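Student: By our numbering, the letter at position 157 of the sequence shown is numbered 176, and the numbering carries on one by one without gaps. Beta carbons are placed, not taken as given, at the ideal position from N, Cα and C, and that holds for glycine. All figures in this text were calculated on a predicted structure; none of them were measured in a lab.
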Amino acid sequence: MAAAPPAGYSRLQIRLHWAVVALVVLQYALHDGVASAFDRGMEAGALTLSAPAVGHFVAGSAIFLLAAWRLLLRQERGAPAPPAEDPPWQRGLARSTHAAMYALMLGLPVTGGVAWAMASEGASTAHEVMRALLLLAIVLHVAGAIYGQVVQKTGAIDRMRRPVD
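(1) From His50 to Val148, what distance separates their C-alpha atoms?
(2) Which residue's Cα is closest to the Cα of Arg93: Pro107, His160, Ala164, Leu31?
(3) Exposed or buried, which one is Met137 when buried takes at least 16 other CB atoms within 10 Å?
(4) Quick one: give me the first and last residue of the alpha helix (DSSP H) that Ile165 is part of.
(5) Quick check: what's the CA-CA separation for Val53 versus Trp108?
(6) Does the beta-carbon distance from Ser143 to Ala134 come in below 8 Å?
(7) Taking buried to mean at least 16 other C-beta atoms within 10 Å of its own C-beta, is Ile165 buried or exposed?
(8) At 3 residues or longer, what runs of the beta strand (DSSP E) sit wholly inside the segment 46-104?
(9) Using the C-alpha atoms, what's the distance from Tyr121 back to Ala86?
(10) Does Pro128 pass the burial test, meaning 16 or more other C-beta atoms within 10 Å, or should it be called exposed?
(11) Looking at the secondary structure, which residues open and close the alpha helix (DSSP H) in which Gly131 lies?
(12) Whose CA, out of Val161, Glu95, Pro25, Ala70, lies closest to the CA of Val40?
(13) Under three-state DSSP, which class holds Pro180?
(14) Under a Cβ-count criterion, where at least 16 other Cβ atoms within 10 Å of its own Cβ denotes burial, should Ala113 be classed as buried or exposed?
(15) Quick check on Ala38: does DSSP put it in helix, strand or coil?
Right under this line is the structure:
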């Protein structure tokens, strides 16, 4: 990790962030079709791959890989320090929310893959719980960014729009 925090995110970090956002939106859009296919397959005793299921699997795998890449870049390059105006509780919430999002972006593809490959209701249930938790973390993340940008005027959203290479 860099000795001092960088002044901002790199172009690559920003591109990876928005690529993951697009893939997560796609995952939520594909969810109902995949969940229905899983339920039908469990009732029939055989899971079969449909186009939405394959798309969901590919997008989930891509999210896993991109999230891992983002973590490696964060370890190597670092991340900008939170705005100085942020009170300690806000910094802690932001740190916890980021940690939760990364854990969930790495864990969801695993539980989804296990659910499908092993026809596991338990893994499917874990996947659904994690899906809800990721949505909650995303709402907190977006609300925090908007609060920083609009209320605190810290440029929180600009940090993910303007690279500092």
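Tutor: In this structure, then:
(1) For the pair His50 and Val148, the Cα-to-Cα distance works out to about 13 Å.
(2) Minimum Cα distance to Arg93 is reached at Leu31.
(3) Its Cβ having fewer than 16 others within 10 Å, Met137 is exposed.
(4) For Ile165, the enclosing alpha helix (DSSP H) stretches over residues 140-165.
(5) Approximately 38 Å between the Cα atoms of the pair.
(6) Contact: yes.
(7) Answer is exposed; the Cβ neighbour count stays below 16.
(8) As far as the segment 46-104 is concerned, it has no whole beta strand (DSSP E) run of at least 3 residues.
(9) Roughly 7 Å between the two C-alpha positions.
(10) Burial check for Pro128: the Cβ neighbour count within 10 Å reaches 16 or more, so the residue is buried.
(11) Taken as a continuous stretch (DSSP letters only), the alpha helix (DSSP H) holding Gly131 covers 107-136.
(12) Comparing Cα positions, the closest option is Val161.
(13) Correcting the residue type first, residue 180 is Arg in the shown sequence and not Pro. Here DSSP, grouped into helix, strand and coil, assigns Arg180 to coil.
(14) Answer is buried; the Cβ neighbour count reaches 16.
(15) Helix, per DSSP.
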